[in-house]
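Trainee: Below you'll find the structure I mean.
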Amino acid sequence: MSSPVRDGSNTSRVPSDIHIVVDNSNLFIGAQLGQGIDGQQDAAIRINVANLANIIEKDKKKLNIKTRIVGGSIPPRKARAWTEWEKCNYKCLLGDRSMNNKEVFLDDMLHAQIQKLILKNNPKEKHAEQNLILISGDGNGNDNRTSFPEVVLSALEHGWMVEVWSWQASLSTKFKDLQEKYPSKMEIKYFDTHRSKVTFKEKQKQQPQQQPQQQQQQQHTNPIQSWILLGFGLSVFLAIFLYYFKKS
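Structure below.
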C-alpha cells in the first residue's frame, strides 16, 4: 500500500505541505516495551534520533516539510535527546510533569499544536494537500480532554492526509479503527521493522574495581598502622605514669 502522505513528487504534481509532530515519551517508552528479560521493559534502550528522523522523512522533499515539532517532559531539560532533535531541525517543546507524574501538559500541548495546524492550513485555501505525520501510538483518553485519536480524526475530517508512526507494542487500537474508516487517507507504519537502525542499548556504568596489588597493600598496611597506633598509645600512658610516680 502506498503512503497517503504525498510530497508533491508524484505524477499528479499536487502541491503538498507536511507537518511532523513527535510524542517523544511515547516513542521512547514504546521502544523499551518487551525488550527486557522475560518480556519486561528494558530501560537501557535509547533512540537514535538522526536515523529515526531520516526514516520518517524518507522520500519526502525537505522544502515541503513545513513543521517539525517534538514534545517531551522534563527533567532533564538538557537531555541529550533534545540536542539531537534540534540538530535534525525539530523544535523541542518541553513541559513539567504533573504532581502525580503524568504528562498532562505535554499531551495537551501537542494536541493544541496539531489543532492549530489544522485551523491554519485549510487544503482548499492553501491550494496544497495538507499532511500530518504523527509519531505516537498513545490513545489515552486524557481524562476526558483532547486525545491524539481525536485530533487525528479532526485532521481527517478537515481533508488532511495522515500517517501515524508507532511501535506495535504501544499502538492504541483507536488508530486502527480510524485507519479502517479512512483507508485512503490514513496509514499506520511501525518502527519495529527498523529497530536495529533506530535504537541502541546504553551501556551501564560500572564502579571502578581496585587492582589486586592495591588490595594486598591495604591488607598489609592496615595491621601495621594498628600496631603503630597501639605503640604510641602505650608510650603516652607510660610517660604519664612515670610523671606521677616521680612526684609521689
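Here this note's numbering is used: the first residue of the sequence shown is 135, the next is one more, and so on. The C-beta atom is built at its ideal place from N, Cα and C for all residues, glycine as well.
Tell whether a beta-carbon distance below 7 Å holds between Ala165 and Ile152.
Mentor: In this structure, Ile152 does not lie closer than 7 Å to Ala165 by Cβ.
Trainee: Can we say the region 275-295 touches the region 168-177, given the rule of at least three CB pairs closer than 8 Å?
Mentor: Touching, no.
Trainee: Starting from the C-beta of Met243, find all residues in its chain whose C-beta is less than 7 Å away, skip the five residues before and the five after it, and write them out in chain order.
Mentor: Excluding residues within five positions, the ones whose Cβ falls inside 7 Å are Gly205, Leu227 and Gly229.
Trainee: Ordered along the chain, which non-local residues of its own chain (more than five positions away) have a Cβ less than 8 Å from that of Glu218?
Mentor: Val183 and Ala184, listed in sequence order.
Trainee: Whole angstroms are fine: how far does the CA of Ala178 sit from the CA of Thr355?
Mentor: Only weak support exists for where Thr355 lies, its pLDDT of 47 falling under 50; the coordinates are left without a value.
Trainee: Apart from the five residues just before and just after Tyr316, which ones in its own chain have a Cβ nearer than 8 Å to its Cβ?
Mentor: Once the five neighbours on either side are set aside, the close Cβ partners of Tyr316 are Leu290 and Val296.
Trainee: Please name the residue, chosen from Gly168, Lys221 and Leu266, that lies closest to Ile252 on a Cα-to-Cα basis.
Mentor: If we check each option's Cα against that of Ile252, Leu266 comes out closest.
Trainee: Just to confirm my understanding: we take Lys264, look at its own chain, exclude 5 residues before and 5 after, and list those with CB closer than 6 Å. What are they?
Mentor: It should be pointed out that residue 264 corresponds to Gln in this sequence rather than to Lys. Excluding sequence neighbours, Gln264 sits near Asp151, Asn255, Pro257 and Trp294.
Trainee: Whole-angstrom Cβ separation of Asp241 and Asn276, contact assumed at under 8 Å?
Mentor: Confirmed, about 5 Å.
Trainee: Taking C-beta to C-beta, are Ser383 and Gly271 nearer than 7 Å?
Mentor: Outside the modelled stretch of the chain, which goes from 135 to 382, sits residue 383, for which no answer is possible.
Trainee: Report the three-state DSSP secondary structure of Asn274 (helix, strand or coil).
Mentor: Looking at Asn274 - three-state DSSP - the assignment turns out to be coil, as it is neither helix nor strand.
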